[in-house]
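Residue numbers (our numbering), protein chains in the order written: chain A, 1 to 96; chain B, 1001 to 1353. Heads up, the beta-carbon is just placed ideally off N, CA and C, and yes, glycines get one too. As the structure is a computational prediction, the values presented were derived from the model and not from experiment.
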């Protein structure tokens, strides 16, 4: 006779739930791009190339480049507030 | 040895395969988290299953006692271990610990759990020989439960949010108790403001472990020199603009014989820390030119007064942490904390019964 046991899910949240993703409409004039240099070596060079690549691929209305001074800490609130107010998307997380 | 062979071996094997396939294990077999086992653990401790213990980065998911108990069951914990696991999970979620960095870094950081107070002996934890090694159920499974909770509740799964280049074995489990009975000094939790008879967990974000051996010295200044020079690792510069070696709270685990040698030489723990701190200095010319240039640039950006000053292992002597553990012998360990910024966090272990 086959036996059956019921296991409880160790994950939170349960797999059936999923977080909502905020809508980020982009104006037709172009993307307001944010760049966050996380201060890792060569992050500034890589991000510069990335901006050039994005400019070639899509309309970019503006670029806001900021830098945080600690690799391992989240960006300070002032930086996050400025990005929230002035850009549509932020590119960061250069790893090594 | 008689080997038990139950009728439900096939069910056990099937459960393991299901759990592996679901991606909720650490790669080792686990105890299947049945409703009955989880309920038994919660009832034993008297915790409300739905009570929120904390919100756990990096996914910032809510961790209830039920969630933590499920992972503790999987890790192989006895029900009595749950309060320690819960306190440790709450501690790693503290902002000061910077779990979002620890859990997602390409570095090798892992949470280490240190247990102080009577609860360590009550649970049969190992504070003596091989305290950091295998063989003790409480040490092994409490640390593993914290790691599983971080993975399953916090979402730090390798390749998804845990982006470690190499990782380290401490990411499976890393937990021990301080050998308070054999220490000549106040215990870690007492230094951090708790009563000597309090039950406390302290979590430390460690990036590795270096064996420190000095079997020739017996005077504090000589031992301090060995510890200090063992901490000067050029590849361990922290990510902050002040350019410390490591994360700023270096952890030294001393066996009782070494701690006693310091004590017999007239050193309090604070004096031992100071003796090590003042000898742990690395001039910038020890660094490769690109590393040196990058560090000076960072320090200059942060308007530091001495951008070319030497590297230290902490900002002040008191930031060094010394914990006494281990058995017979003089083998010690230096554990740099993660350079991406982290602070040790202590939490009282709560009980309901």
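Chain B contact for residue i (CB, 8 Å cutoff)
i	result
residue 65/A	no
residue 76/A	no
residue 41/A	yes
residue 73/A	yes
DSSP-derived helix/strand/coil call for residue i
i	result
residue 89/A	strand
residue 1332/B	strand
residue 1244/B	coil
residue 1067/B	helix
residue 1175/B	strand
residue 1305/B	coil
residue 1102/B	helix
residue 1232/B	coil
residue 4/A	coil
residue 9/A	coil
residue 1337/B	strand
residue 1158/B	strand
residue 1249/B	coil
residue 1151/B	helix
residue 1282/B	strand
residue 1295/B	helix
residue 27/A	coil
residue 73/A	coil
residue 1264/B	helix
residue 1123/B	coil
residue 1144/B	helix
Proximal residues of chain B, C-beta to C-beta of residue i below 9 Å
i	result
residue 36/A	Within chain B, no residue comes near residue 36/A; the closest Cβ sits about 15 Å away, beyond 9 Å.
residue 59/A	Simply none; closest approach about 32 Å.
residue 90/A	Per Cβ cutoff of 9 Å: no residues; residue 90/A is ~16 Å from chain B at best.
residue 27/A	Chain B residues near residue 27/A: none, gap ~30 Å exceeds 9 Å.
Contact list for residue i against chain B, beta-carbon separation under 8 Å
i	result
residue 79/A	Near residue 79/A there are no residues of chain B at all, since even the closest Cβ is about 14 Å away, more than 8 Å.
residue 69/A	1240, 1241, 1298, 1301, 1302
Chain A within 8 Å of residue i, Cβ atoms only
i	result
residue 1310/B	no
residue 1292/B	no
residue 1018/B	yes
residue 1061/B	yes
residue 1340/B	yes
residue 1011/B	yes
residue 1254/B	no
residue 1167/B	no
residue 1184/B	no
residue 1035/B	yes
residue 1024/B	yes
residue 1094/B	no
residue 1071/B	yes
residue 1233/B	no
residue 1074/B	yes
residue 1099/B	no
residue 1049/B	no
residue 1105/B	yes
residue 1222/B	no
residue 1015/B	yes
residue 1319/B	no
residue 1067/B	yes
Amino acids of chain B, ordered along the chain, whose beta-carbon sits closer than 7 Å to that of residue i
i	result
residue 52/A	Under the 7 Å cutoff, chain B gives no residues; its nearest Cβ is about 23 Å from residue 52/A.
Residues bridged to residue i [DSSP beta-bridge criterion]
i	result
residue 1238/B	None; residue 1238/B has no bridge partner.
residue 1347/B	1201/B
residue 58/A	Note: residue 58/A sits in no beta bridge, so no partner.
residue 1112/B	1204/B
residue 1324/B	1254/B
residue 32/A	62/A
residue 37/A	67/A
residue 1034/B	7/A
residue 1062/B	1055/B
residue 1211/B	1333/B
residue 1311/B	1282/B
Cross-chain neighbours of residue i in chain A, by beta carbon under 8 Å
i	result
residue 1152/B	10, 11, 12
residue 1250/B	By Cβ distance, chain A contributes nothing, its closest Cβ being about 16 Å from residue 1250/B, past 8 Å.
residue 1143/B	Neighbours of residue 1143/B on chain A: none; closest Cβ ~16 Å, over 8 Å.
residue 1032/B	5, 7
residue 1148/B	10
Closer than 7 Å at the beta carbon, the chain A residues around residue i
i	result
residue 1038/B	8
Cβ pair count under 8 Å reaching 3, the stretch 1067 to 1076 of chain B against the stretch 1315 to 1335 of chain B: By the Cβ criterion, the stretch 1067 to 1076 of chain B is not in contact with the stretch 1315 to 1335 of chain B, since fewer than three pairs of Cβ atoms, one from each stretch, lie closer than 8 Å.
I'd like to know if the stretch 1332 to 1349 of chain B and the stretch 1205 to 1213 of chain B are in contact, where contact means that at least 3 CB-CB pairs between them fall below 8 Å. Result yes; three or more Cβ-Cβ pairs closer than 8 Å.
Segment contact flag, the stretch 1013 to 1026 of chain B with the stretch 1043 to 1055 of chain B, C-beta cutoff 8 Å, min 3 pairs: As far as the Cβ criterion goes, the stretch 1013 to 1026 of chain B does not touch the stretch 1043 to 1055 of chain B, which means the pair count is below three.
So does the stretch 1280 to 1290 of chain B actually touch the stretch 1225 to 1245 of chain B, counting three or more Cβ pairs closer than 8 Å? Verdict: yes, contact present.
How about the stretch 1261 to 1269 of chain B and the stretch 1285 to 1297 of chain B: do they share at least three Cβ pairs that are nearer than 8 Å? No: fewer than three Cβ pairs fall under 8 Å.
For the stretch 1186 to 1201 of chain B against the stretch 1116 to 1132 of chain B, are there 3 or more C-beta pairs whose distance is under 8 Å? The stretch 1186 to 1201 of chain B vs the stretch 1116 to 1132 of chain B: in contact.
Taking 8 Å as the cut-off, does the stretch 1236 to 1255 of chain B touch the stretch 1307 to 1314 of chain B (at least 3 CB pairs, one atom from each stretch)? Taking 8 Å as the limit for Cβ pairs, the verdict is that the stretch 1236 to 1255 of chain B does touch the stretch 1307 to 1314 of chain B.
So does the stretch 1140 to 1148 of chain B actually touch the stretch 1175 to 1191 of chain B, counting three or more Cβ pairs closer than 8 Å? With the cut-off at 8 Å, the stretch 1140 to 1148 of chain B and the stretch 1175 to 1191 of chain B touch.
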